[in-house]
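Participant: Got a structure for you, written out below as structure tokens; questions coming shortly.
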Amino acid sequence: MTPDTSVSPTPIDPLSVTSDSTLEKPLEAPTPSSDTPTAENPKTDVTASSDAHASSEVTDSSLSTSSELSPQTVAIADLQVRLKTKEGELHLILPPESENSKIALAWVELWQQFKQLLMGQERFWQPNTPVHLVSDDRLLDTRQISAIAEALAEVQLQLKWVHTRRRQTAVVAATAGYSVEQITAVSPLLPNSEPATAMEDPLYIQMTLRSGAEIRHNGTVVVVGDLNPGSSIIAEGDILVWGRLRGVAHAGCKGNAKCLIMALQMEPTQIRIADYVARAPETPLAQYFPEVAYVSPQGSIRIARAADFAARKEEPNFS
């Protein structure tokens with residue numbers, strides 16, 4: 001890519017190692033529940049709970065129906081694996097396991113509950129419906145994510161996204177080829193959430209992103225590998241690719257025009273910084289150099305050789 005290429009901006013809408021735990025053999029699923037979603041209720045929220053824990057936490061069988069959640073209701077919510085539709089997407093929500101949660105399910109209990117949920121409900125989804133796995137702060141290893149994906153496939157569901165607060169889970173899911181969003185402690189995917197302001201620590205991924213894979217992170221993303229055409233990274237901070245960038249990269253997705261995109265070989269399908277967008281030249285260059293993309297003071301995306309970028313930052317009008 002030619003150094004100092006100037007591209008006119010186009011405003012856009014701003015737009016996530018493993019555990020040593022062993023995958024337990026699934027327990028026998030209890031009798032399926034008769035509570036099934038209906039066509040009259042398109043926004044489906046199906047839950048399965050552990051009776052053993054629920055009985056120890058709830059002594060009154062009639063929970064409060066007021067808008068304010070009682071401690072008993074919160075305890076039950078902490079134990080639930082939920083399958084719900086939200087804005088046309090199917091979300092599989094796992095209960096948390098942090099110290100802040102009142103009760104944490106062990107993997108074998110979670111697995112039993114998950115299998116019961118899939119087996120005990122009528123299939124209200126279309127075949128090959130994509131699923132967003134929301135694991136919150138639960139640490140999942142490769143075997144556990146694979147087991148969830150296989151169980152979903154048995155009922156004609158397809159795991160596509162993994163939303164997690166755990167860096168280890170994000171790396172494992174991305175390595176397995178799933179699209180990933182490393183969510184903050186407060187996320188719009190979770191109940192009672194509010195927008196977060198602080199950026200997350202950098203997310204480091206050592207792999208090549210294939211077509212269809214997408215990484216979303218509220219911070220800087222560092223990839224040791226390539227971004228193939230059809231893949232994308234959306235980051236609140238900078239994007240550094242220690243390889244070939246041939247997909248879509250969007251840095252400063254929440255409006256920070258001072259963010260940078262760096263790659264050893266810059267051949268992007270599209271690059272975005274804040275509200276500015278640019279594309280690579282259609283004719284490939286004969287020779288490539290490590291390059292940096294940034295928004296110039298004139299309000300356009302420019303690309304400079306990495307070797308020259310430090311000197312450019314000393315220019316009086318550079319900001």
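Its first residue numbered 1, the sequence shown is counted upward by one per residue in full-length UniProt numbering. Positions of the beta carbon are idealized from the N, C-alpha and C atoms, including for glycine.
1) Could you give the residue range of the alpha helix (DSSP H) that holds residue 323?
2) Anyone know if the C-beta pair for A293 and L264 falls short of 8 Å?
3) For the alpha helix (DSSP H) that contains A147, what are its first and last residues?
4) Quick one: what's V248 bridged to in DSSP?
5) According to the Cβ coordinates, are K160 and V131 closer than 8 Å?
6) Pull up the CB-CB distance for P229 and R246, whole angstroms please, since I reckon it's below 8 Å.
7) What's the gap between the Cα of I183 and the Cα of E200?
8) Between the alpha carbons of G212 and Y178, how many angstroms are there, rounded?
9) Name, in chain order, the residues that DSSP records as bridge partners for P290.
10) Check the DSSP bridge columns for P130 and list the partner residues they point to.
11) Cα separation between L92 and E154?
12) The beta strand (DSSP E) with L90 in it runs from where to where?
13) If you measure between the beta carbons of S232 and V222, is that distance less than 8 Å?
14) My output table needs one value for A213: the three-state DSSP class, helix, strand or coil.
15) For the beta strand (DSSP E) containing V224, name the first residue and the last one.
Facilitator: According to the data block:
1) Since the first and last residues shown for the chain are 1 and 319, residue 323 lies out of range.
2) no
3) T142 to E154
4) S232 and Q270
5) yes
6) 5 Å
7) 9 Å
8) 9 Å
9) DSSP, once it has assigned bridges, lists no residue as partnering P290.
10) Q158
11) 15 Å
12) E89 to I93
13) no
14) coil
15) Here V224 belongs to no beta strand (DSSP E), and DSSP marks it neither H nor E.
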